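As numbered in full-length UniProt numbering, residues 1 to 319 make up the sequence shown, in order.
Worksheet: one structure, shown below.
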Amino acid sequence: MGKKRVLVVGGTGYLGQHLLQGISEIEGTLYDIAFTHHSFPPQALFQAFPHSIAFHVDLKTGDGFETVSERFGQPDVVVNCAALSVPRACEKDPDAAMAINVPSSLVNWLSSFTESNDTLLIHLSTDQVYEGVKSFYKEEDDAVPVNVYGQSKVAAEKFISEKCSNYAILRSSIIFGPQTVSPVPKSLPIQWIDSVLSKGDKVDFFDDEYRCPVSVKDVVTIILALVDRWLSEGKKMQVLLNVGGPDRVSRVQMAEAVAQIRGYDTSLINTVSASSVDRGVRSPADISMDVTKLVQTLKISPTPFKDGVRLTLDAEASS
1 MGKKRVLVVG GTGYLGQHLL QGISEIEGTL YDIAFTHHSF PPQALFQAFP HSIAFHVDLK
61 TGDGFETVSE RFGQPDVVVN CAALSVPRAC EKDPDAAMAI NVPSSLVNWL SSFTESNDTL
121 LIHLSTDQVY EGVKSFYKEE DDAVPVNVYG QSKVAAEKFI SEKCSNYAIL RSSIIFGPQT
181 VSPVPKSLPI QWIDSVLSKG DKVDFFDDEY RCPVSVKDVV TIILALVDRW LSEGKKMQVL
241 LNVGGPDRVS RVQMAEAVAQ IRGYDTSLIN TVSASSVDRG VRSPADISMD VTKLVQTLKI
301 SPTPFKDGVR LTLDAEASS
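Here it is in structure tokens:
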């Protein structure tokens with residue numbers, strides 16, 4: 001049996017880089033790896049993952065996918081990590097949000113292969129598909145997003161479930177963890193909290209916005225478990241999973257966890273309501289998720305939030 005081909009779409013992003021790292025760390029790896037990028041191919045990635053192939057792809061138009069076909073062939077697995085994921089940016093440019101976040105060019109490219117059913121598509125969605133009016137949403141609850149970002153992700157889920165016969169859709173919460181091999185430009189949640197509290201000034205945090213932040217290592221483990229299941233069993237899947245951590249936390253509680261681990265004065269954490277700040281986009285209040293189905297399906301228990309924060313800060317200190 002030859003090596004299986006895995007294509008990471010959006011390989012230069014935060015999750016994409018951690019996934020490339022996770023695959024490369026598998027001993028005696030059975031995978032040929034390729035990744036796509038849109039803006040620039042970072043040299044640090046080529047050095048860290050010398051056996052992977054990089055392709056420039058424009059998700060809006062699909063330009064670049066033909067080159068993947070010619071040089072890499074039909075992938076056995078595609079993991080789509082690419083997205084316009086800043087809610088305010090999506091609100092400002094809804095057309096771009098829909099063009100990038102609904103992976104029509106990717107799905108159309110996959111369907112061009114005669115054996116299109118032989119590719120598993122793992123697609124990253126978001127907890128922002130939920131309205132945010134209750135705690136611990138389940139996968140079967142109605143998706144009623146309150147902003148363009150959530151709407152584009154619901155449209156993507158609908159598109160994939162109608163057009164693909166072999167897929168897993170992962171509704172991810174806030175993903176946190178160590179910085180990537182090639183540092184990403186966006187601020188990372190735990191590192192940002194750490195940096196602002198370390199200055200010793202009071203900082204505002206919301207006490208009425210709840211999420212189930214998930215460790216990036218757990219998300220990689222979940223993706224690799226799905227890949228392994230598909231490649232070993234060969235049974236098509238049509239799976240929708242909430243991918244969150246086990247803890248429902250407010251922004252204040254996130255900051256408190258960092259402060260306690262780092263020994264900062266918790267009086268620096270100033271409690272405010274999310275409604276007191278205009279962020280240029282509506283943000284759902286409580287989109288905590290029930291992850292029972294994830295645990296039962298893959299036999300994976302996500303890392304408790306405080307443990308994940310400690311691991312993140314330890315990794316930053318040793319890097």
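We put the beta carbon where it would ideally sit given N, CA and C, even for glycine.
All values reported here derive from a predicted model rather than from experimental measurement.
Exposure label - residue i; buried when at least 16 CB within 10 Å
{"i": "GLU70", "result": "exposed"}
{"i": "GLU162", "result": "exposed"}
{"i": "SER172", "result": "buried"}
{"i": "ASP265", "result": "exposed"}
{"i": "HIS123", "result": "buried"}
{"i": "ASN101", "result": "buried"}
{"i": "LYS186", "result": "exposed"}
{"i": "ARG248", "result": "buried"}
{"i": "residue 321", "result": "Residue 321 is absent from the model: the chain starts at 1 and stops at 319."}
{"i": "ILE190", "result": "buried"}
{"i": "residue 325", "result": "Residue 325 is absent from the model: the chain starts at 1 and stops at 319."}
{"i": "LYS217", "result": "buried"}
{"i": "THR12", "result": "buried"}
{"i": "ILE26", "result": "exposed"}
{"i": "GLY132", "result": "buried"}
{"i": "LEU188", "result": "buried"}
{"i": "PRO284", "result": "buried"}
{"i": "residue 327", "result": "For residue 327 there is no data in the structure shown, the boundaries of the chain being 1 and 319."}
{"i": "GLY263", "result": "exposed"}
{"i": "ASP194", "result": "buried"}
{"i": "HIS51", "result": "exposed"}
{"i": "SER273", "result": "exposed"}
{"i": "PHE205", "result": "buried"}
{"i": "PHE46", "result": "exposed"}
Residues bridged to residue i (per DSSP)
{"i": "HIS123", "result": "ASN80, ILE169"}
{"i": "THR271", "result": "PHE205"}
{"i": "THR36", "result": "PHE55"}
{"i": "VAL133", "result": "ASP286"}
Limits of the unbroken alpha helix (DSSP H) element including residue i
{"i": "ILE23", "result": "14-24"}
{"i": "residue 325", "result": "The structure shown does not extend to residue 325, since the chain is modelled only from 1 through 319, so no value can be given for it."}
{"i": "ALA143", "result": "Unbroken run through ALA143: none, as it is neither H nor E."}
{"i": "PHE46", "result": "43-48"}
{"i": "LYS92", "result": "87-92"}
{"i": "GLU70", "result": "65-71"}
{"i": "LYS199", "result": "Premise fails: LYS199 is in no alpha helix (DSSP H) and is neither H nor E."}
{"i": "SER105", "result": "104-111"}
{"i": "GLU256", "result": "251-262"}
{"i": "LYS293", "result": "292-298"}
Coarse secondary structure for residue i, derived from DSSP in three states
{"i": "TYR149", "result": "helix"}
{"i": "ILE175", "result": "strand"}
{"i": "ALA54", "result": "strand"}
Residue span of the beta strand (DSSP E) that contains residue i, given as start and end
{"i": "residue 323", "result": "Past the edges of the chain, shown from 1 to 319, lies residue 323, and the structure says nothing about it."}
> Which residue spans inside the stretch 204-249 form an unbroken beta strand (DSSP E) run of at least 3?
Replying inline: Counting only runs of 3 or more, we get 238-243.
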